[in-house]
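In the working numbering, the protein residues as written are 107 to 441.
Cβ atoms here follow ideal geometry from the backbone N, Cα and C, with glycine treated the same way.
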Amino acid sequence: MRRRTALAASGAAVLAAGGLISVLPNVASAAAGCRVAYSIQNQWNTGFTGGVTITNLGDPLTSWSVGFAFPAGQVLSSGWEATWAQTGANVTATNLSWNGSLATNASVSAGFNASWTGVNAMPTSFTVNGTACTGNPPPTSPPTTPPTTPPTTPPTTPPTNPPPNGAAPALHVSGNKIVNTSGQTVRLLGVNRSGGEFACIQGNGMWDGPMDQTSINAMRTWKVRVVRVPLNEECWLGTSDVPAAGASGATYQTNVKNYVNLLVASGINPIIEMHWNFGQYTGPSGGCTDVKAICQKPMPDAQNAPSFWSSVANAFKGNNAVIFDLFNEPFPERA
């Protein structure tokens, strides 16, 4: 599966990584009836992995095609969950046979790999089916007769998203849904906060950018209710591959725990996931040839992954506000 769990965002981008990339989706307020969120999920010296999430705010669609222009120096190499094409700077992603239907307020995601030179900038405008996106629903006619009396009884069903204040709710899996303690389905709306997967193994400390209460308060104003925290397997375990200047072992684990606890206390559910791991892979879509956890690998490794997840699970045992995502974007079908 080369697709991430869809995390819709409603805010601005946070700059991070070696080349200053966006780790929170850059939501382009786009065409009447649609919204497109663009994100750079991973970056290395000459390439990057990106994605788009399309939200249909208008009438139901039976097919979709999103278009945007790559900034100078970016070239598409491959993609998934859509048919991708590039002509000059213009890029299009068209639905596949099984994901063309898009109901009102429904979303669909697609990802790609591309190369870059110079500055790895982000597109600024998007279209869906040829219409420039504004991020607003199409206008509707007002009712001809306003209601004469307000409702006499409050709604009986409480909202499924976490309350505006207080700690993040306890969650659990029921069938194919994530639900709260009342059994109500919870829709997770949030972002990816990159940094924990690469800064340590690159010898740059622990995080990339602020991971404090002020940054979390900013995400709260964007209505973020879940934050994915990508981890580096070797940094968590404290292997000898981690440079001396990178956070490792107990230091790395303490930093992760502190940030996760701060998210939970601020009403945001964390998603902890293994992002970069040990193991050599040199086949298609390989980001590096090194055995060290310095890039995306196709699958978890048998040598360290069981120890990693046993340790992570014990670290957050009993905290039902924390969600585990076992591995980032596996691609065994390409390997």
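Using the beta-carbon count (16 or more within 10 Å), is residue 136 buried or exposed?
Its pLDDT being 38, under 50, residue 136 is placed unreliably in this model, and the coordinates cannot settle the point.
Taking its Cβ as the centre, do 16 or more other Cβ atoms sit within 10 Å of residue 435, making it buried, or is it exposed?
buried
Report buried or exposed for residue 197, applying the criterion of at least 16 other Cβ atoms within 10 angstroms of its Cβ.
buried
In this structure, how does DSSP classify residue 376 when only helix, strand and coil are distinguished?
strand
Contact defined as beta carbons within less than 8 Å: I believe residue 302 pairs with residue 338. What is the distance between those atoms, to the nearest angstrom?
The Cβ separation is near 7 Å, so the contact holds.
How long is the line joining the alpha carbons of residue 353 and residue 281, rounded to whole angstroms?
Rounded to the nearest angstrom, the two C-alpha atoms are 38 Å apart.
Check for me: the alpha helix (DSSP H) holding residue 369 runs from which residue to which?
355–371
Distance check for residue 182 and residue 277, CA to CA, integer angstroms please.
Their backbone Cα atoms lie some 38 Å apart in a straight line.
Can you tell me which of the three DSSP states residue 341 falls into?
helix
What does a CB cutoff of less than 8 Å around residue 379 pick up in its chain, not counting 5 residues either side in sequence?
334, 335, 336, 337, 430, 431, 432, 433 and 434
What first and last residue would you give for the beta strand (DSSP E) that runs through residue 183?
181–186
From the DSSP secondary-structure annotation, give me the bridge partner or partners of residue 148.
Per DSSP, the beta bridge partners of residue 148 are 155.
Which word fits residue 409, buried or exposed, when buried means at least 16 other C-beta atoms lie within 10 angstroms of its C-beta?
exposed
Taking the CB atoms as reference points, tell me whether residue 154 and residue 226 lie closer together than 9 Å.
yes
Mark residue 113 as exposed unless 16 or more other C-beta atoms lie within 10 angstroms of its C-beta, in which case mark it buried.
Unreliable placement is indicated for residue 113, whose pLDDT of 37 sits below 50; the coordinate value is still reported in the next sentence. Residue 113 sits buried, since 16 or more C-beta atoms from the chains shown fall within 10 Å of its C-beta.
Helix or strand or just coil, what does DSSP make of residue 336?
strand
Mind reading off the beta-carbon distance from residue 170 to residue 202? Whole number of angstroms is fine, and I expect it under 8 Å.
The pair is not a contact, with the Cβ atoms about 11 Å apart (cut-off 8 Å).
Measuring only the C-alpha atoms, how far is residue 424 from residue 146?
About 33 Å.
Could you say which of 272, 304 and 162 lies nearest to residue 237 if we only look at CA atoms?
162
What separation, rounded to the nearest whole angstrom, lies between the Cα atoms of residue 426 and residue 223?
43 Å
Between 386, 414 and 419, which has its C-alpha nearest residue 441's C-alpha?
386
Within this structure, are the beta carbons of residue 139 and residue 229 separated by less than 9 Å?
A distance of 9 Å or more separates the beta carbons of residue 139 and residue 229.
Count the other CB atoms within 10 Å of the CB of residue 194; is the residue buried (16 or more) or exposed (fewer)?
exposed
Given this structure, state the Cα-to-Cα distance separating residue 157 from residue 290, to the nearest angstrom.
30 Å
For residue 326, does the three-state DSSP call read helix, strand or coil?
Collapsing the DSSP output to three states places residue 326 in a helix.
Excluding the five sequence neighbours on either side, which residues of its own chain have a C-beta within less than 8 Å of the C-beta of residue 343, listed in chain order?
355, 410, 413, 414 and 417
Does DSSP put residue 397 in a helix, a strand or coil?
coil
Quick check: what's the CA-CA separation for residue 439 versus residue 405?
10 Å
Within 10 Å of its beta-carbon, does residue 204 have 16 or more other beta-carbons around it, so buried, or fewer, so exposed?
When all chains shown are included, residue 204 counts as exposed.
Measuring alpha carbon to alpha carbon, tell me which residue in 150, 180 and 190 is nearest residue 172.
190
Run through the DSSP bridge pairs and tell me what residue 283 is partnered with.
280
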